[in-house]
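Under the numbering used here, the first residue of the sequence shown is numbered 1128, with each subsequent residue one higher.
Note that CB positions come from ideal geometry on N, CA and C, so glycine has one too.
Note that the structure is predicted; figures quoted are calculated from it, not measured.
Working notes, beginning with the structure itself.
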Amino acid sequence: MLRADQPRPRRPRFARRATLRRSLRLLGSFRFEQTDPAVFYGGVAADTADLVSDFYRDLTGKSLRGTVVLDVGGGPGYFADEFGRAGARYLPVEPDPSEMHAAGLRVAGSVRGSGMALPFRDDAVEVCISSNVAEHVPRPWVMAGEMLRVTKPGGLMVFSYTVWHGPFGGHETGPWHYLGGEYAARRYRRKHGREPKNRFGRSLFAVRAAEGVRWARETPDDIGILAVFPRYHPRWAWWMVHVPVLRELLVSNLVVVATKRPRSADGESAPPDPA
């Protein structure tokens, strides 16, 4: 969703990957999130690396080789290999030490820290991403602002999250989250004899598609919005993000792609040069 004062970019390079076959493959992997996370996160990791690589090339004309990719909420590091193959230095940030080591993976340079107060200086990295994390923090748009803060001028920020009223909004407690997050959590506990991993109000929060669209519209003038689209949908269904109510139900995951505009010689923000 672009502001009126922003030029409309060319069709994103990533759009050519957004096929129905890709959508079915990714959606089919969701059933393994709890039972075999390597299958689920491995597929999402490869797709994320493709997405970031394509948008970075659109923006800069360059590959990810030699860049630092900061992954906010990187968890146990499933994405490290994929970004390593692209030639990037992958740096995950995770507040929960149990999540960092959950898969037995070790990623050099992993940082423990909160996405809402990133332990990095301003303009620190070329690329900052977050995949399926915003719904797990109480103030997701504070986290989005922090991600922009640490991104270099001319760099790329990719913010992707699960929409609450979509089919996967309740995570393992769905589809009962449609009757309320607390109800879904209590039902899960009665059925399984334990709390869900993603506990509503503690580690799972209701984030709506409209919030992401509004955030993109209201970003400061030095931020360029490159794309807002439903992550797991084929390109011909991306129009859904523009339709209130419908987007809450059918846009299962929203992606906002942004850049911090480079400074010109006079200190003013210059529009990004889409290579």
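1) Quick check on this structure: which residue in Val1340, Pro1361, Val1220 has the alpha carbon closest to the alpha carbon of Arg1353?
2) Between which two residues does the beta strand (DSSP E) holding Lys1279 run?
3) Helix, strand or coil for Lys1387, going by three-state DSSP, please let me know.
4) Just the C-alpha distance for Ala1311 and Trp1303, rounded to the nearest angstrom, thanks.
5) Which residues share a DSSP beta bridge with Gly1351?
6) Does DSSP classify Tyr1305 as helix, strand or coil?
7) Only counting runs of 4 or more residues, tell me where the alpha helix (DSSP H) segments fall wholly within the segment 1310-1350, in order along the chain.
8) Output the boundary residues of the alpha helix (DSSP H) element that contains Leu1153.
9) For Met1227, does the three-state DSSP call read helix, strand or coil?
10) Tell me the DSSP bridge mates of Pro1219?
11) Would Pro1222 and Ser1241 qualify as a contact pair, given that the criterion is a beta-carbon distance under 7 Å?
12) Considering only the alpha carbon of each residue, which of His1369, Val1179, Pro1139, Leu1376 lies closest to Val1254?
13) May I ask you to verify whether the segment 1281-1294 touches the segment 1256-1265, counting CB pairs closer than 8 Å and requiring at least 3?
14) Ignore the nearest five residues each way along the sequence and tell me which others in Gly1169's own chain have a CB closer than 8 Å to its CB.
15) To which residues of the same chain is Arg1358 closer than 6 Å at the C-beta, ignoring the five residues directly before and after it?
16) Within this structure, are the beta carbons of Leu1292 and Glu1375 separated by less than 7 Å?
17) Measure the Cβ-Cβ separation of Ser1190 and Pro1361 and say whether it is below 7 Å.
18) Report the CB separation of Gly1214 from Arg1192 in whole angstroms; it is logged as a contact under 8 Å.
19) Would you identify the three-state DSSP class for Arg1144, choosing helix, strand or coil?
20) When burial is assigned at 16 or more other CB atoms within 10 Å of the CB, is His1319 buried or exposed?
21) Which one of Arg1212, Ala1244, Gly1211 has the shortest CA to CA distance from Val1220?
22) Run through the DSSP bridge pairs and tell me what Val1252 is partnered with.
23) Measuring straight from C-alpha to C-alpha, what distance separates Thr1194 and Lys1279?
24) Looking at the structure shown, is Val1238 part of a helix, part of a strand, or coil, going by DSSP?
25) Using alpha carbons as the reference points, say which of Val1378, Leu1218, Val1252 lies closest to Gly1296.
26) Quick one: grab the DSSP three-state call for Ser1379.
27) Output the boundary residues of the alpha helix (DSSP H) element that contains Arg1212.
28) Tell me, please, which residues DSSP counts as bridged to Ser1258.
Taking the geometry as given:
1) Against the sequence shown, residue 1353 aligns to sequence position 226. For the record, residue 1353 in the displayed sequence is Leu; it is not Arg. It is Val1340.
2) Taking the first residue of the sequence shown as 1, we reach residue 1279 at position 152. Judged by DSSP secondary structure, Lys1279 falls within the beta strand (DSSP E) whose first and last residues are 1278-1289.
3) Here residue 1387 is taken as the residue at index 260 of the sequence shown, counted from 1. Three-state DSSP puts Lys1387 in a strand.
4) Here residue 1311 corresponds to residue number 184 of the sequence shown, with the count starting at 1. Here residue 1303 corresponds to residue number 176 of the sequence shown, with the count starting at 1. Here the alpha carbon of Ala1311 sits roughly 5 Å from the alpha carbon of Trp1303.
5) The residue you call residue 1351 lines up with position 224 of the sequence shown. Per DSSP, Thr1386.
6) Translated into the one-based positions of the sequence shown, residue 1305 becomes position 178. The answer is helix: DSSP assigns Tyr1305 an H, G or I state.
7) 1336-1344
8) One-based indexing of the sequence shown puts residue 1153 at position 26. From DSSP, the alpha helix (DSSP H) with Leu1153 extends over 1147-1156.
9) In the sequence shown, the residue the question calls residue 1227 occupies position 100. At Met1227 the pLDDT is 48, less than 50, meaning the model places this residue with poor confidence; the figure from the coordinates comes in the next sentence. Helix, per DSSP.
10) On the sequence shown, residue 1219 is found 92 positions in, with the first residue counted as 1. Bridge partners of Pro1219 according to DSSP: Asp1198.
11) In the sequence shown, residue 1222 corresponds to position 95, counting from 1. In the sequence shown, residue 1241 corresponds to position 114, counting from 1. The Cβ-Cβ distance between Pro1222 and Ser1241 falls below 7 Å.
12) Stepping through the sequence shown from its first residue, residue 1254 is reached at position 127. Closest by alpha carbon: Val1179.
13) yes
14) In the sequence shown, the residue the question calls residue 1169 occupies position 42. Closer than 8 Å at the Cβ level, and outside the excluded window around Gly1169, lie Tyr1205.
15) By 1-based counting over the sequence shown, the position of residue 1358 is 231. Answer for Arg1358: Ser1287, Asn1380, Val1382, listed in chain order.
16) For the purposes of this step, residue 1292 is taken as residue 165 along the sequence shown, with counting starting at 1. For the purposes of this step, residue 1375 is taken as residue 248 along the sequence shown, with counting starting at 1. This sequence places His at residue 1292; Leu is not what is there. Pairing His1292 with Glu1375 gives a Cβ-Cβ distance under 7 Å.
17) By one-based count along the sequence shown, residue 1190 stands at place 63. By one-based count along the sequence shown, residue 1361 stands at place 234. Cβ atoms of Ser1190 and Pro1361: not closer than 7 Å.
18) Along the sequence shown, read from residue 1 onward, the residue named residue 1214 stands at position 87. Along the sequence shown, read from residue 1 onward, the residue named residue 1192 stands at position 65. Going by Cβ atoms, the distance from Gly1214 to Arg1192 rounds to 3 Å, so yes, they are a contact pair.
19) By 1-based counting over the sequence shown, the position of residue 1144 is 17. Arg1144: helix per DSSP, three-state reduction.
20) In the sequence shown, counting from the first residue as 1, residue 1319 sits at position 192. Answer is exposed; the Cβ neighbour count stays below 16.
21) For the purposes of this step, residue 1220 is taken as residue 93 along the sequence shown, with counting starting at 1. With distances taken between Cα atoms, Val1220 lies closest to Ala1244.
22) Mapped onto the sequence shown, residue 1252 falls at position 125. The partner list for Val1252 (beta bridge, DSSP) reads Thr1278.
23) Taking the first residue of the sequence shown as position 1, residue 1194 is located at position 67. Taking the first residue of the sequence shown as position 1, residue 1279 is located at position 152. For Thr1194 and Lys1279, the distance between alpha carbons rounds to 11 Å.
24) As a position in the sequence shown, residue 1238 is number 111, starting the count at 1. Three-state result, Val1238: strand.
25) Reading the sequence shown from its first residue, position 169 is the one you call residue 1296. Checked all of Val1378, Leu1218, Val1252; the closest Cα to Gly1296 is Val1378.
26) On the sequence shown, position 252 is the one that residue 1379 refers to. It is coil, neither helix nor strand.
27) Position 85 of the sequence shown, counted from the first residue, corresponds to residue 1212. Residues 1207-1212.
28) Looking up residue 1258 in the sequence shown gives position 131. Answer by DSSP bridge pairing, in chain order: Ser1287.
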